[in-house]
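Q: Heads up: the sequence shown is residues 16 to 335, going by the numbering used here.
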Amino acid sequence: MKNWKCAFVAIVVFALAGLAVAEPNIGVYFDEAGTVTNATIEPLPAMGTGYLYVKNADLLVGGAAFAVDIDPGITTFFHEVPELGLYFGDLEGLEVGLYQWIPVFGPDDGALLGTFDFYSTTPVILGEITVGSHPNYTTPIVASSEGVQYEATGITTHLTIHSTPTIGIYFDEAGTVQHIEPNGGVGVTHTAYIMIKEAEMIVGGATFKLEIDPLIMLGSAVPVDALVLGSLTSGVEMGLYTYMPVFGAGTGLLYTIDLITFNNLMTDAPLTISNHPNYDYPVVADNNAYQFEADGLTSTMTIVVPTENKAWGDVKNLYQ
């Protein structure tokens, strides 16, 4: 049977004086465990999920009163959990009374009060989601199973909504060709371009590493005008002297490289952009030095016919 007494105690007796023993907090997290406070999602049609938790309470939680302020660039839907208890108000001032008390004692415990759907069609950088005080109270409030109220700390978390940039190797200046099948041979070079795409930002820098099939040797590697630390094959960090707008179908050139294959034959030999050893993934930074996780792409090269080196006499013999 639902504990209606608990629901009324948690809501009606918020006016009772608290004993200031517990130090609970209330926040919106981006994982079900209530540990992730900074997340990035793609714009629509992608959506993010948030979880509203009471944590660090050291008591049987019976209810809460608070407000949630969300960056205006983020569109959200809040989902009450009717089987948990009674809800009064909205996110500008919400009181929740639980039917059954929820034990919150250890660091892994949390009292879930509801969930969110987050989305946006436009970029949002570090959008704040802050739990604050209900208009009827001076701080966020958590109530115990005995109806005693405790001042709580409202947590601020951050959600970024932005497309994921890509860094890839292309065999044309337009950034469209990722596979070629040229002839090889000693003295033959193949020009390629390392480019950023799908960034939807003014690019200020990048960090990544180029991994090359052992049948391919890197010749010259010419960066754009930038402060460059490291090398392509061990991990490079680039700070651009001139920022690059990369929006829509636009591209941002980072390097022009020459590839040498000698007389090696190969099928779909990979050239892959991966993470610099000091980072967990390739990174693209905007003009404000905010860093975005990027997808490193793989391009391929196939050579089935080497170019033969002929002397002038051999060429003349073709016409005899």
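Ideal Cβ placement from N, Cα and C applies to all residues, glycine included.
Please check the pair tyrosine 256 and asparagine 302, which I expect to be a contact at CB under 8 Å, by giving their CB distance rounded to whole angstroms.
A: Actually they do not touch by this definition, with Cβ atoms about 12 Å apart.
Q: Taking 9 Å as the threshold (C-beta atoms), are leucine 286 and isoleucine 184 in contact?
A: In this structure, leucine 286 lies closer than 9 Å to isoleucine 184 by Cβ.
Q: Starting from alanine 167, follow its DSSP beta bridges and name the residues at the other end.
A: Bridge partners of alanine 167: none, in fact.
Q: If distances are taken between C-alpha atoms only, which option among Val76, Thr171, Val299, Asp283 comes closest to tyrosine 114?
A: For the residues Val76, Thr171, Val299, Asp283, the minimum Cα distance to tyrosine 114 belongs to Val76.
Q: How should glycine 202 be labelled, buried or exposed, when 16 other C-beta atoms within 10 angstroms of its C-beta is the threshold for buried?
A: Result: exposed.
Q: Enumerated in chain order, which unbroken segments of the beta strand (DSSP E) with a length of 3 residues or greater are wholly contained in the region 206–282?
A: Listed in chain order, they are 216–227, 232–238, 241–246, 250–261, 266–275.
Q: I need the DSSP call for proline 285, collapsed to helix, strand or coil.
A: Strand.
Q: Evaluate the contact criterion for the region 225–238 versus the region 187–194: three or more CB pairs, one atom per stretch, below 8 Å.
A: Not touching, per the Cβ criterion.
Q: State yes or no: is the C-beta of valine 139 within less than 9 Å of the C-beta of isoleucine 176?
A: In this structure, isoleucine 176 lies closer than 9 Å to valine 139 by Cβ.
Q: What did DSSP end up calling tyrosine 102 once you bin it into helix, strand or coil?
A: The answer is strand: DSSP assigns tyrosine 102 an E or B state.
Q: Using 9 Å as the limit for Cβ to Cβ distance, is tyrosine 296 near chain B?
A: Absent from the structure: chain B. Only one protein chain is present.
Q: Indicate whether valine 146 and valine 83 have their beta-carbon atoms separated by less than 9 Å.
A: Contact flag set, yes.
Q: Let me check one thing: in DSSP terms, what residues is glutamine 306 bridge-paired to?
A: Answer is Ala300.
Q: Hey, out of Ala48, Tyr66, Val320, Gly142, whose CA is closest to glutamate 196's CA?
A: Comparing Cα-Cα distances from glutamate 196 to each of Ala48, Tyr66, Val320, Gly142, the minimum goes to Val320.
Q: Measure from the alpha carbon of asparagine 151 to the alpha carbon of each residue in Gly104, Pro180, Ile144, Ser159, then state which is nearest.
A: Cα-wise, what sits closest to asparagine 151 is Gly104.
Q: Identify, in the order they occur along the chain, each residue of the same chain with its Cβ nearer than 6 Å to the Cβ of glutamate 95, setting aside the five sequence neighbours on each side.
A: Excluding positions up to five away in sequence, the list reads Tyr102, Gly129.
Q: To the nearest angstrom, how far is the alpha carbon of aspartate 14 from that of leucine 312?
A: Given that the chain is displayed from residue 16 to residue 335, the structure contains no residue 14 and the question cannot be resolved.
Q: Helix, strand or coil for isoleucine 318 per DSSP?
A: DSSP places isoleucine 318 in strand when its eight states are reduced to three.
Q: Quick one: is valine 237 buried, meaning 16 or more other Cβ sit within 10 Å of its Cβ, or exposed?
A: Exposed, by the Cβ-count rule.
Q: Less than 9 Å separating the beta-carbons of isoleucine 56 and leucine 174?
A: Yes, Cβ-Cβ distance for isoleucine 56 and leucine 174 is below 9 Å.
Q: Of all the options Ala80, Asp46, Glu143, which has the alpha carbon lying nearest to the alpha carbon of glycine 88?
A: Of the listed residues, the one whose Cα sits closest to glycine 88 is Glu143.
Q: Check each candidate in Gly108, Thr91, Pro122 and name the one with the smallest Cα separation from alanine 72.
A: Considering only alpha carbons, the answer is Pro122.
Q: Unbroken beta strand (DSSP E) runs of length 3 or more, entirely within the region 165–199: which are they?
A: Listed in chain order, the complete beta strand (DSSP E) runs (minimum 3 residues) inside the region 165–199 are 171–176, 181–185.
Q: Rounded to whole angstroms, what's the CA-CA distance from valine 69 to tryptophan 116? Just pull it up for me.
A: When rounded, the distance between both Cα atoms is 12 Å.
Q: Starting from valine 83, follow the beta strand (DSSP E) in both directions and report where the run begins and ends.
A: 74–85 is the span of the beta strand (DSSP E), which, as asked, contains valine 83.
Q: Might you give, ordered along the chain, the residues of its own chain that have their beta carbon closer than 6 Å to the beta carbon of glutamine 306, omitting 5 neighbours on each side?
A: Excluding residues within five positions, the ones whose Cβ falls inside 6 Å are Val298, Ala300.
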